[in-house]
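The structure under discussion appears below in the form of structure tokens.
Protein chains: 2
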Amino acid sequence: MTKQSKKERKPRVVIVGGGFGGVAAAKKLKKTDVEVILIDRRNYHLFQPLLYQVATAALNPSDIAAPIRKIFRNQKNLRSVLGAVERVDLSQKKVYVKGQPMRYDYLVLAAGATHSYFGNDQWSEHAPGLKTLDDATEIRRRFLLAFEAAEVETDPQAREACLTFVVVGGGPTGCEMAGAMAEVARSIPDDFRQVDTKTARVILIQSGDRILKSFPDESSDDAYDQLKELGVEIMLRNRVTEVRADGVMCGEDFIAANNVFWAAGVKASPIGESLGVELDRSGRVIVEPDLSVPAYPKVFVIGDQASAKSAKTGEPVPGVAQGAIQGGEYVGNIIRHELEDDTWVERGEFSYFDKGNLATIGRNKAVADIRGFKLKGFPAWFIWVAVHVLFLVNFRSKVSVIFSWAWTYIFGSRGARLITGKSDYEVKCPPKDE
Amino acid sequence: MTKQSKKERKPRVVIVGGGFGGVAAAKKLKKTDVEVILIDRRNYHLFQPLLYQVATAALNPSDIAAPIRKIFRNQKNLRSVLGAVERVDLSQKKVYVKGQPMRYDYLVLAAGATHSYFGNDQWSEHAPGLKTLDDATEIRRRFLLAFEAAEVETDPQAREACLTFVVVGGGPTGCEMAGAMAEVARSIPDDFRQVDTKTARVILIQSGDRILKSFPDESSDDAYDQLKELGVEIMLRNRVTEVRADGVMCGEDFIAANNVFWAAGVKASPIGESLGVELDRSGRVIVEPDLSVPAYPKVFVIGDQASAKSAKTGEPVPGVAQGAIQGGEYVGNIIRHELEDDTWVERGEFSYFDKGNLATIGRNKAVADIRGFKLKGFPAWFIWVAVHVLFLVNFRSKVSVIFSWAWTYIFGSRGARLITGKSDYEVKCPPKDE
Chain Z
166 MTKQSKKERK
176 PRVVIVGGGF
186 GGVAAAKKLK
196 KTDVEVILID
206 RRNYHLFQPL
216 LYQVATAALN
226 PSDIAAPIRK
236 IFRNQKNLRS
246 VLGAVERVDL
256 SQKKVYVKGQ
266 PMRYDYLVLA
276 AGATHSYFGN
286 DQWSEHAPGL
296 KTLDDATEIR
306 RRFLLAFEAA
316 EVETDPQARE
326 ACLTFVVVGG
336 GPTGCEMAGA
346 MAEVARSIPD
356 DFRQVDTKTA
366 RVILIQSGDR
376 ILKSFPDESS
386 DDAYDQLKEL
396 GVEIMLRNRV
406 TEVRADGVMC
416 GEDFIAANNV
426 FWAAGVKASP
436 IGESLGVELD
446 RSGRVIVEPD
456 LSVPAYPKVF
466 VIGDQASAKS
476 AKTGEPVPGV
486 AQGAIQGGEY
496 VGNIIRHELE
506 DDTWVERGEF
516 SYFDKGNLAT
526 IGRNKAVADI
536 RGFKLKGFPA
546 WFIWVAVHVL
556 FLVNFRSKVS
566 VIFSWAWTYI
576 FGSRGARLIT
586 GKSDYEVKCP
596 PKDE
Chain F
166 MTKQSKKERK
176 PRVVIVGGGF
186 GGVAAAKKLK
196 KTDVEVILID
206 RRNYHLFQPL
216 LYQVATAALN
226 PSDIAAPIRK
236 IFRNQKNLRS
246 VLGAVERVDL
256 SQKKVYVKGQ
266 PMRYDYLVLA
276 AGATHSYFGN
286 DQWSEHAPGL
296 KTLDDATEIR
306 RRFLLAFEAA
316 EVETDPQARE
326 ACLTFVVVGG
336 GPTGCEMAGA
346 MAEVARSIPD
356 DFRQVDTKTA
366 RVILIQSGDR
376 ILKSFPDESS
386 DDAYDQLKEL
396 GVEIMLRNRV
406 TEVRADGVMC
416 GEDFIAANNV
426 FWAAGVKASP
436 IGESLGVELD
446 RSGRVIVEPD
456 LSVPAYPKVF
466 VIGDQASAKS
476 AKTGEPVPGV
486 AQGAIQGGEY
496 VGNIIRHELE
506 DDTWVERGEF
516 SYFDKGNLAT
526 IGRNKAVADI
536 RGFKLKGFPA
546 WFIWVAVHVL
556 FLVNFRSKVS
566 VIFSWAWTYI
576 FGSRGARLIT
586 GKSDYEVKCP
596 PKDE
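Chains as they are written, first to last, in the working numbering: chain Z, 166 to 599; chain F, 166 to 599.
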């Protein structure tokens, strides 16, 4: 390319994914003379760590989502495109959206992950996972409908199955969802006449020998105790071998439950497969120490889509918001320097800075592990609230979230108890004429 | 029935529909020794007059909806059933839910209305109407996707069609929706790079010779002027003769528009058909002066499902929230008196008290007709806001709505700009490689 033609068009950075990683990378390029194109299948950036609160009717979808266009309203070098990237052609330097090619000079892949049923995709019908807003409202629908179905069910056994909630997976999402569901069931008995919602069972199934494996042992134990306090039944060292419409099989045992939720496994976005480079078992792209794709220094993969190691510790970068944000900032800085500063050559290696780990279980119930400093109960919960509110991208959401939480905290009732979409439910014995 | 068996079971009042009418009737029975069963297809009471604000991304679904169970948490004689009533058997005194009979002593039908395409139900696919929360999020999805599609459209004509919004029907819903859409288009140009959203056309088509026919002439003119100020094109004396995927036919004229919204006609819930009594053209049950079904004094029909005349004026009771609420209270009182007071015999006749008519068009733009006293602009708008906030059933929603409105008012930006559900859009020319 001659200097002449270089002047005619600006270098283009294509970022795939408007999650934590993609947004962080894009923001670093705000003042660079470059064309940034941010492509996402959704028109909003989602604050995923709070998704389970939408699924359990504490928050509204719009509380945890901000329109991407609004986030970048003032970043004039950024163009937002709503669409799904189907594949990447590394040799041609093009991504394909709706069958149409779009060239790039730099590419940042930050398309995230979805849930994995470990090869049993047929389970998804009976055990929805939690990755998108639509997932969350679907889980909310099923969760709230369960109480409605129980209210009109006359057979005691069937009623029990209506009110049995199985959460598969004892990571942060599973623990948070199980805790919140137990809390909801405890807070609404006065709304029902036939059933006692406090008799609802919430069962958390974890394959390993402790929950919250990414936390220190002590925090796992604290979380265990706090979940127990809320009445959650925790089954450790158990693996779900089958999910059916009427319950789950755990080895030889059958648990009758009309409501199963999946929080067990993730797999990376399938876009990575089109690269033709090495992937790990979860479909993540195995990246270089500078987060680039081997042999393609101008293509980066960050966040949940990447299998990366932190240079300092040699440990894998965890699939959490901070991992994506730090990766996005690191990559954004590299691109900015390479485009702005002809003398800058040293990329260095990416190191993940672990700010700490937080998981909330319920009102006043949480665990925190902040650089070895462990907290539980109210202090951990308070830090959790503060950190999450601070992180929300969109100021408006923040105020609204504080309000919702304060309300739930003081009055114990939830504001978003709406069943949207199909409101039909399966009951074997519908309302009888008494 | 002997006195003995009467003692064994309480009289049962079945109320079909948890809208304004059904809720008002149920509340009147709070202290009566009776079994009240409230049946609704949804688990929430919807504040329908604000539905267009969800459709235009100003409010969240949960801002205008309150769980029915929560409303009646403290009314212990009321049981809430989630389900669709399929038919009524007047002679057997039974309603059927999911094929199962449920007996009643008193029946209140308050199942409302849905939109009517005047026999052209195939139009619904291309011109969704606005009656439920799911309708509102679907309209919001289409409305917001239109700008996304325009942003990546390269053909100027196709782009214009993306940004042409046709609203069919010049009643309150049509006017409010058209005004809000014009306002949104004006407020978001900075979010887009390729299109100027201010060039969006909003076209309001009205068959009559003025909009807001239920208002006095003067208010219609005021509303007309205020909509014009917002840039809405109003076509009076025009009737849509065909709705297609690519636009609408108005007699001989074709308007190319990818987005058509229906606010033209209503028809009553089909439950009325199963009664075997006289219905009017819109499927409403023609009721006695005491709102009962002819020959069935213990079966009442109220709200949008009834064709009733106000005793005092002889005028039809309008299909507005107040009509339903007053009908519900009137009927609830009759039932209460007949069950509590053996000496009370006089039902009297229902009279509608017209508290006034309000319609809002945009920020600081509205019309009001309060018992002959006409207002427009800011004063009308202010009354509209005050009245609507006061009426919201659920205290929490109120605060949240005030907050959302204040935010929109001050900053002009909307908080609920989320595309949920399918985010795919039709573009003839997808993003090209430039």
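Each residue gets a CB set at the ideal place from its N, CA and C atoms; glycine is no exception. Note that the structure is a prediction, hence the values are computed from the model and not measured.
Chain F contact for P214/Z (CB, 9 Å cutoff): Position 49 of the first sequence, counting from 1, holds the residue named residue 214/Z. Output row for P214/Z: interface = no.
Extent of the continuous beta strand (DSSP E) run through V250/F: Within the second sequence, residue 250/F is the residue found at index 85, counting from 1. Start and end: 250–254.
Along chain Z, in chain order, which residues have C-beta atoms closer than 7 Å to that of D355/F? Counting from 1 along the second sequence, the entry for residue 355/F is found at position 190. Within 7 Å Cβ-Cβ: R238.
Any C-beta of chain F sitting closer than 9 Å to the C-beta of R501/Z? Taking the first sequence and counting its residues from 1, one reaches residue 501/Z at position 336. No, R501/Z does not count as interfacial toward chain F.
Please report how far the alpha carbon of A476/Z lies from the alpha carbon of V317/F, in whole angstroms. Working through the first sequence from its first residue, we reach residue 476/Z at position 311. Working through the second sequence from its first residue, we reach residue 317/F at position 152. Looking at the two C-alpha atoms, the distance is approximately 40 Å.
Name the chain Z residues that come within less than 7 Å of V317/F, Cβ to Cβ? Here the question's residue 317/F lines up with position 152 in the second sequence. Residues of chain Z passing the Cβ test: V246.
Can you give me the start and stop residues for the beta strand (DSSP E) that H502/Z sits inside? What you label residue 502/Z is simply residue 337 of the first sequence in a count that begins at 1. First-last for H502/Z: 486–505, but that is the alpha helix (DSSP H), not the beta strand (DSSP E).
Where V482/Z sits in the DSSP three-state scheme: Here residue 482/Z refers to the residue found at position 317 when the first sequence is read from its first residue. Looking at V482/Z - three-state DSSP - the assignment turns out to be coil, as it is neither helix nor strand.
Any Cβ of chain Z within less than 9 Å of the Cβ of Q218/F? For this step, residue 218/F is matched to residue 53 along the second sequence. It does not: the Cβ of Q218/F has no partner Cβ on chain Z nearer than 9 Å.
List the residues of chain Z whose Cβ lies closer than 7 Å to the Cβ of R358/F, in chain order. Reading the second sequence from its first residue, position 193 is the one you call residue 358/F. The contacting residues are R244.
Taking only beta-carbon positions, decide if R528/Z is within less than 9 Å of chain F. Sequence index remark: in the first sequence, residue 528/Z carries index 363 (1-based). So no, R528/Z is outside the interface.
What would DSSP say about R351/Z, mapped onto helix, strand or coil? Translated into the one-based positions of the first sequence, residue 351/Z becomes position 186. Note: R351/Z maps to helix in three-state DSSP.
Collapsed DSSP secondary structure at P226/Z in the structure displayed: Locating residue 226/Z in the first sequence gives position 61, where the first residue counts as 1. Looking at P226/Z - three-state DSSP - the assignment turns out to be helix.
Chain Z contact for E313/F (CB, 9 Å cutoff): Within the second sequence, numbered from 1, the residue matching residue 313/F stands at position 148. Interface residue, yes.
On the criterion of 16 or more Cβ atoms from any shown chain inside 10 Å, does Q213/F qualify as buried, or is it exposed? Your numbering for residue 213/F matches position 48 in the second sequence. When all chains shown are included, Q213/F counts as buried.
Selection from F538/F, V532/F, A460/F that minimises the alpha carbon distance to F547/F: Looking up residue 547/F in the second sequence gives position 382. Among F538/F, V532/F, A460/F, the Cα nearest to that of F547/F belongs to V532/F.
Hey, how far is the Cα of T279/Z from the Cα of V431/Z? Locating residue 279/Z in the first sequence gives position 114, where the first residue counts as 1. Locating residue 431/Z in the first sequence gives position 266, where the first residue counts as 1. If I take the Cα positions, the gap works out to 6 Å.
Proximity below 9 Å, CB of F312/Z to CB of I353/Z: Taking the first residue of the first sequence as position 1, residue 312/Z is located at position 147. Taking the first residue of the first sequence as position 1, residue 353/Z is located at position 188. Contact flag set, yes.
Could you tell me which of G484/Z, Q240/Z, G183/Z, Q491/Z sits nearest to G358/F, measuring between CA atoms? The residue given as residue 358/F occupies position 193 in the second sequence. Sequence check: residue 358/F is Arg here, not Gly. With distances taken between Cα atoms, R358/F lies closest to Q240/Z.
Using beta-carbon positions only, say whether D198/Z and K175/Z come within less than 9 Å of one another. Taking the first residue of the first sequence as 1, we reach residue 198/Z at position 33. Taking the first residue of the first sequence as 1, we reach residue 175/Z at position 10. Yes, the pair counts as a contact, with Cβ atoms nearer than the cut-off.
If we define contact as Cβ-Cβ less than 9 Å, is P459/F a contact residue for chain Z? On the second sequence, residue 459/F is found 294 positions in, with the first residue counted as 1. Not an interface residue.
Using 10 angstroms around the beta-carbon of V510/Z, count the other beta-carbons present and answer buried if the total reaches 16, otherwise exposed. Numbered from its first residue, the first sequence carries residue 510/Z at position 345. So V510/Z ends up on the exposed side.
Partners in chain Z for L120/F, counting only beta-carbon separations shorter than 9 Å: Summary: the structure shown does not reach residue 120/F, with chain F confined to residues 166 through 599, and so no result is reported for it.
May I have the straight-line CA-CA distance separating R207/Z from F419/Z, to the nearest angstrom? Along the first sequence, read from residue 1 onward, the residue named residue 207/Z stands at position 42. Along the first sequence, read from residue 1 onward, the residue named residue 419/Z stands at position 254. Using only the alpha carbons, I get a separation of about 38 Å.
Give me, in chain order, the residues of the same chain whose beta-carbon lies closer than 7 Å to that of I233/F; leave out the 5 immediate sequence neighbours on both sides. Counting from one through the second sequence, the residue named residue 233/F turns up at place 68. Once the five neighbours on either side are set aside, the close Cβ partners of I233/F are G183, L203, D205, N208, Y209, H210, S245.
For R501/F, does the count of other Cβ atoms within 10 angstroms reach 16, so buried, or fall short, so exposed? In the second sequence, residue 501/F corresponds to position 336, counting from 1. R501/F is buried by the Cβ-count criterion.
Element boundaries [beta strand (DSSP E), containing L203/F]: As a first step, residue 203/F is located in the second sequence; it is residue number 38 there, counting from the start. Note, L203/F: beta strand (DSSP E), 200–205.
Cross-chain neighbours of K193/Z in chain F, by beta carbon under 7 Å: Position 28 of the first sequence, counted from the first residue, corresponds to residue 193/Z. The premise fails here: K193/Z is roughly 19 Å from chain F at the closest Cβ pair, so nothing lies under 7 Å.
By the criterion of Cβ-Cβ separation under 7 Å, what are the contact partners of K258/Z in chain F? The sequence position of residue 258/Z within the first sequence is 93, counting from 1. Within 7 Å Cβ-Cβ: nothing; K258/Z doesn't reach chain F, min ~11 Å.
Any Cβ of chain Z within less than 9 Å of the Cβ of K175/F? As a working note, residue 175/F is residue 10 in the second sequence. It does not; no Cβ of chain Z falls within 9 Å.
Helix, strand or coil for G294/F? Go by DSSP, reduced to three states. On the second sequence, residue 294/F is found 129 positions in, with the first residue counted as 1. Correct three-state label for G294/F: strand.
Run down chain Z in chain order and give the residues with a C-beta less than 9 Å from the C-beta of K541/F. On the second sequence, residue 541/F is found 376 positions in, with the first residue counted as 1. The premise fails here: K541/F is roughly 30 Å from chain Z at the closest Cβ pair, so nothing lies under 9 Å.
Out of F518/F, A276/F, D386/F, which has the shortest C-alpha to C-alpha gap to R375/F? The count along the second sequence starts at 1 and reaches residue 375/F at position 210. Checked all of F518/F, A276/F, D386/F; the closest Cα to R375/F is D386/F.
Assess contact between the stretch 267–286 of chain Z and the stretch 181–196 of chain Z, defined as three or more Cβ pairs (one per stretch) separated by less than 8 Å. Is contact present? yes
Length-filtered (3 minimum) beta strand (DSSP E) runs lying within the stretch 324–370 of chain Z: 329–333, 366–370
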